[in-house]
Amino acid sequence: METVSAQPKVWTQESASAEKRNVWTALKRGFRGRCPRCGEGKLFRAFLKVDDHCSVCELDFTPHRADDLPAYLVIVIVGHLVVPMALVIETNYSPPVALQLAIYLPLTLVLSLLLLQPVKGAVIGMQWALRMHGFDEQNPEP
Ligand SMILES: [Zn+2]
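Numbering (my numbering), first residue to last: 11 to 152.
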């Protein structure tokens, strides 16, 4: 059974603006694989494995719910880079199909692998900045 907090948080204009987090700063820090709050601690302990907490400011990373969003965003980004490039090359130069496949398939794979971790970090940074998924309840500002 859920209990009601004895002292509810009172939101005033001052308290709301004081706790506002900069989304772009958190996005950039996450994109670089750093903690969205301090910008120094590492966000990942492996390629796509998010660490439990920041080693510098102790921010708990476990509330993040990036799920499949980074993969969808990478598909959109890489698709918008590779497909127009393929169309321009095909209409202007018409190289053999085997040559095109030898370029586009590895390029798509490499771009996807290069972008996956930074995009996941940016998504986690955005979730922290927007206080999504419990990032506000368990992680008070230092
Ligand atoms: Zn940190």
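Where a beta carbon is used, it is the ideal one built from N, C-alpha and C, also for glycine.
Check your understanding: What first and last residue would you give for the alpha helix (DSSP H) that runs through Phe41?
Key -> Here residue 41 corresponds to residue number 31 of the sequence shown, with the count starting at 1. Segment Val33 to Phe41, the alpha helix (DSSP H) holding Phe41.
Review point. Got a sec? Which residues, its chain only, sit under 7 Å from Ser122 by beta carbon, not counting five neighbours each side?
Key: The residue labelled residue 122 in the question sits at position 112 within the sequence shown. Val84 and Val88.
Review point. Do you know offhand how far Pro46's Cα is from Tyr103's?
Key: Counting from 1 along the sequence shown, the entry for residue 46 is found at position 36. Counting from 1 along the sequence shown, the entry for residue 103 is found at position 93. Cα to Cα, Pro46 sits roughly 45 Å from Tyr103.
Check your understanding: Per DSSP, what kind of secondary structure is His143 in: helix, strand or coil?
Key -> Residue 143 sits at position 133 when you count from the first residue of the sequence shown. Of the three classes helix, strand and coil, the one that applies to His143 here is coil, per DSSP.
Exercise for review: Look at the Cβ atom of Asp78, then the Cβ atom of Phe71, and state whether they are nearer than 8 Å.
Suggested key: The residue given as residue 78 occupies position 68 in the sequence shown. The residue given as residue 71 occupies position 61 in the sequence shown. Not closer than 8 Å, so no.
**Study point:** At least 3 beta-carbon pairs within less than 8 Å: the segment 37–45 vs the segment 129–140
**Key:** The segment 37–45, when compared against the segment 129–140, does touch it at the 8 Å Cβ threshold.
Review point. Between which two residues does the alpha helix (DSSP H) carrying Gly89 extend?
Key: Stepping through the sequence shown from its first residue, residue 89 is reached at position 79. Looking at the DSSP string, the run of the alpha helix (DSSP H) that includes Gly89 is Leu79 to Asn102.
Check your understanding: Heavy atom of ligand 1 less than 7 Å from the Cβ of Val66, yes or no?
Key -> Taking the sequence shown and counting its residues from 1, the one referred to as residue 66 is at position 56. Indeed, a heavy atom of ligand 1 lies less than 7 Å from the Cβ.
Check your understanding: Is Leu69 near ligand 1, going by C-beta to nearest heavy atom under 7 Å?
Key -> Here residue 69 refers to the residue found at position 59 when the sequence shown is read from its first residue. For ligand 1, at least one heavy atom lies less than 7 Å from the Cβ of Leu69.
**Study point:** Presumed contact (8 Å Cβ cut-off) between Leu58 and Leu119, rounded CB distance
**Key:** On the sequence shown, position 48 is the one that residue 58 refers to. On the sequence shown, position 109 is the one that residue 119 refers to. Not quite, the Cβ-Cβ distance comes to about 16 Å (not below 8 Å), so this is no contact.
Exercise for review: Identify which residue in Gln110, Pro116, Pro73 and Pro128 has its Cα closest to the Cα of Leu140.
Suggested key: Start at 1 with the first residue of the sequence shown, and residue 140 comes out as number 130. Comparing Cα positions, the closest option is Pro73.
Point to revise | Closer than 7 Å: Gly51 CB and nearest ligand 1 heavy atom | key: Your numbering for residue 51 matches position 41 in the sequence shown. Gly51: yes, Cβ under 7 Å from ligand 1.
Review point. If you drop the 5 nearest sequence neighbours on each side, which residues of the same chain put their C-beta closer than 6 Å to that of Gly144?
Key: Here residue 144 refers to the residue found at position 134 of the sequence shown. Taken in chain order, the residues that qualify are Pro73.
Check your understanding: Hey, would you say the C-beta of Arg47 is under 7 Å away from at least one heavy atom of ligand 2?
Key -> Absence of ligand 2 is noted for the structure shown, with ligand 1 being the only ligands found.
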